[in-house]
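Report on one structure; see the data block that follows.
Protein chains: 2
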Amino acid sequence: MKSRVSRKAFLAGATKTIVAASVGAVSANALAGDDQTRQMPIMPKAVQSYTWPYTRLDPEDIRARAHKAYYDGGCGYGAFNAVVSALAEKIGEPFTMMPTQMMYFGGGGGAGWGTLCGALNGAGLAIDLVVDRANSTAIIGELFGWYTKASFPSDISNDRAIRHTFLVNRYDKTLLQTIAGSPLCHTSVSKWCTESGFRATAAERSERCARLTGDVSAKAVEMVNDYFSGTFRAGFVPARAVPSCLGCHDTAGIGNVNPTVKMDCQQCHHEHWDHLY
Amino acid sequence: MKSRVSRKAFLAGATKTIVAASVGAVSANALAGDDQTRQMPIMPKAVQSYTWPYTRLDPEDIRARAHKAYYDGGCGYGAFNAVVSALAEKIGEPFTMMPTQMMYFGGGGGAGWGTLCGALNGAGLAIDLVVDRANSTAIIGELFGWYTKASFPSDISNDRAIRHTFLVNRYDKTLLQTIAGSPLCHTSVSKWCTESGFRATAAERSERCARLTGDVSAKAVEMVNDYFSGTFRAGFVPARAVPSCLGCHDTAGIGNVNPTVKMDCQQCHHEHWDHLY
């Protein structure tokens, strides 16, 4: 499961992006039909093209932006806005035009439902905006995998909070670190709350998720930086239950499950622990 | 858990959007600093403003668009592209500028991880693009809740497939309907595969998810149409396990979980069935 994007491939991709931007300029004009556009045969920049351009970002700058943006609009918005706002400052259009607020709903695992961690959702959207589909799945999947094994909040975020070097400094104590073992908000938050003793409605839990949003966003741009440098490696190995379970349960009769699934089966299917090991 | 948006509130919101669009035009110019923009003191339209405009969409048109777009870019892209492309045709800018491909990653529950159903993720993003945060959470949460109790693929989608009235007609047989009981891709897909006997890698499973993407997208615009007509009602009631479990487990000592969570506890926490009932 190793993949590598060479510098040559990156440069070829960059060229393709520039070409696509030019093509996009034509097609956007051809598609737009309102009077105002017809009076302007040449639009300033076409932004319908895909992917959007990328330039190397500083993970620490992103960590602070995301931490602050969490307080402005939750984890999904926090991660998406951190990357897009940084690119808007460095590149300008089309990033200045992106309404990052549309990722508000990612908070609380999707409208508060506790599914996909919003920081992963927002970071995934940002990655997919600048990396083509052939490579974004590997990078985003790796980010999910890293998340399941990482200690949140990170040492860096705890340290920044103590030193008051975040953009928003509401709580300057170290927060207990937990490993979610899952990309799901419910699992991640509940585990931290249970082990730390803080309730999910506590300000400390919000600060925990703000630091986590910073950590996930920083890791996301590290990965994208690596990708565009040709040094990205996807090496996540799912929990041992996954290949064990799929060995039987990805066949008709015993139950068909999606063979691409990477979540640890045992976190939900407790009843099979003895069956397996 | 009933909420209602009055026509008066909708009209007030619409006015706010128009004002915000004007303010956005100024701030986007103020923020943009590259030479090309400085030569154009008035941008054609400001699209950084939020929310973006909405006009009533036809759910059946959206169902067909999303079904086709699934085959172009997966469930997340399918749902997001269906709504944005329809609004781009009806309204033009700024929707013509939205790179809907950034929702590719939603497929397979997020880079294939099996978390949030991509159709819900893409539809959520589209809803959050046109409905302000104060109301989008209720609508998106209701869509999630509806999804957990709906039979997929719907009768309408099965019927369209038989009558060859989709835009892409790859499989013209009725597909078995299942109720996921969860907004998670893994649960939704695995349950359908197990009951239907089709493997997750089968073309029939793809068609099932294409029809589901159509169904979710159609329901999403029905809800947004209702919202802007002042007739939207949020009435989803979580499974009985949720309030029962949270009665004890949302307190320190017994374990703290997010009290806003709405997923059915019993789907994963099997071991507590006897404890509860």
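Here the protein sequences line up with chains A and B, keeping their order. For the first sequence, the numbering used here assigns the number 1 to the initial residue and increments by one for each residue that follows. For the second sequence, the numbering used here assigns the number 1001 to the initial residue and increments by one for each residue that follows. The beta carbon of each residue, even a glycine, is placed where N, CA and C say it ideally should be.
Check, Outcome
"Residue span of the alpha helix (DSSP H) that contains aspartate 280 of chain A, given as start and end", "Nothing can be reported for residue 280 of chain A, as the shown portion of chain A is limited to 1 through 277."
"Serine 49 of chain A versus A/Asp58, A/Lys68, A/Phe95, residue with shortest Cα-Cα distance", "A/Phe95"
"Residue range of the unbroken alpha helix (DSSP H) whose run includes threonine 1213 of chain B", "1203 to 1229"
"Three-state secondary structure (DSSP) of aspartate 250 of chain A", "strand"
"Reference valine 1257 of chain B; option with closest CA among B/Leu1246, B/Met1263, B/Gln1267", "B/Leu1246"
"Interface positions of the stretch 1056 to 1080 of chain B facing chain A (Cβ-Cβ less than 7 Å), listed along the chain", "none"
"Contact set for cysteine 265 of chain A: own chain, Cβ-Cβ below 7 Å, skip 5 residues either direction", "Ala241, Val242, Cys245"
"Minimum C-alpha distance to glycine 1214 of chain B - residue among B/Glu1195, B/Pro1099, B/Phe1232, B/Tyr1071", "B/Tyr1071"
"Burial state of alanine 134 of chain A, where buried means 16 or more other Cβ atoms lie within 10 Å", "exposed"
"Spatial distance of leucine 143 of chain A from arginine 1163 of chain B (CA atoms)", "43 Å"
"Of the listed residues B/Phe1228, B/Ala1119, B/Ala1161, nearest to phenylalanine 1080 of chain B (C-alpha basis)", "B/Ala1119"
"Neighbourhood of tyrosine 227 of chain A by C-beta, 7 Å cutoff - its chain only, sequence neighbours within 5 removed", "Val5, Val131, Asn135, Ile139"
"Short CB-CB distance (under 9 Å) between valine 261 of chain A and chain B", "yes"
"Chain B contact for histidine 164 of chain A (CB, 9 Å cutoff)", "no"
"Proximal residues of chain B, C-beta to C-beta of methionine 102 of chain A below 7 Å", "Leu1125, Asp1128, Leu1129"
"7 Å CB neighbourhood of leucine 125 of chain A in its chain, flanking five on each side removed", "Phe80, Met103"
"Presumed contact (8 Å Cβ cut-off) between threonine 1115 of chain B and cysteine 1185 of chain B, rounded CB distance", "6 Å"
"Aspartate 1155 of chain B classed as buried or exposed, judged by whether at least 16 other C-beta atoms fall within 10 angstroms", "exposed"
"Inter-residue CB distance, glycine 145 of chain A and glycine 76 of chain A (contact presumed, cutoff 8 Å)", "With 8 Å as the limit, glycine 145 of chain A and glycine 76 of chain A do not qualify as a contact, their Cβ atoms being about 19 Å apart."
"Other residues of its chain near lysine 149 of chain A: CB distance less than 7 Å, five sequence neighbours each side excluded", "Ile179"
"Which listed residue (B/Glu1195, B/Val1216, B/Ser1085, B/Pro1183) has its alpha carbon closest to that of threonine 1055 of chain B", "B/Ser1085"
"Run of the alpha helix (DSSP H) containing phenylalanine 198 of chain A, from where it starts to where it stops", "From DSSP, phenylalanine 198 of chain A is part of no alpha helix (DSSP H); its letter is neither H nor E."
"Reduced DSSP secondary structure (H/G/I, E/B, other) of phenylalanine 1152 of chain B", "strand"
"Given 8 Å, three or more beta-carbon pairs between the stretch 1057 to 1067 of chain B and the stretch 1228 to 1235 of chain B", "no"
"Same chain only: Cβ atoms within 8 Å of valine 168 of chain A, ignoring 5 sequence neighbours per side", "His67, Lys68, Tyr71, Ala210"
"Tryptophan 1146 of chain B at chain A interface by Cβ criterion, 9 Å", "no"
"Same chain, Cβ closer than 6 Å to phenylalanine 1166 of chain B, neighbours up to 5 away in sequence not counted", "Ala1064, His1067, Arg1160"
"Contact under 9 Å by Cβ, proline 1183 of chain B with cysteine 1117 of chain B", "yes"
"DSSP state of threonine 1137 of chain B mapped onto helix, strand, coil", "helix"
"8 Å Cβ shell around aspartate 35 of chain A - same chain, five flanking residues per side excluded", "Reliability of the predicted coordinates at aspartate 35 of chain A is poor, the pLDDT of 34 falling under 50, and no value is obtained from them."
"For valine 1237 of chain B, the first and last residue of its enclosing alpha helix (DSSP H)", "Counting along the chain, valine 1237 of chain B falls outside any alpha helix (DSSP H), and DSSP gives it neither H nor E."
"Members of the stretch 216 to 243 of chain A near chain B, C-beta cut-off 9 Å", "none"
"Straight-line Cα distance separating serine 151 of chain A from threonine 187 of chain A", "14 Å"
"Own chain residues within Cβ distance below 7 Å of glutamine 1101 of chain B, not counting five before or after", "Gly1073, Tyr1077"
"Cysteine 268 of chain A: contacting residues in chain B (beta-carbon distance under 7 Å)", "Cys1268"
"Cβ-based burial, alanine 218 of chain A [other Cβ within 10 Å; buried from 16]", "buried"
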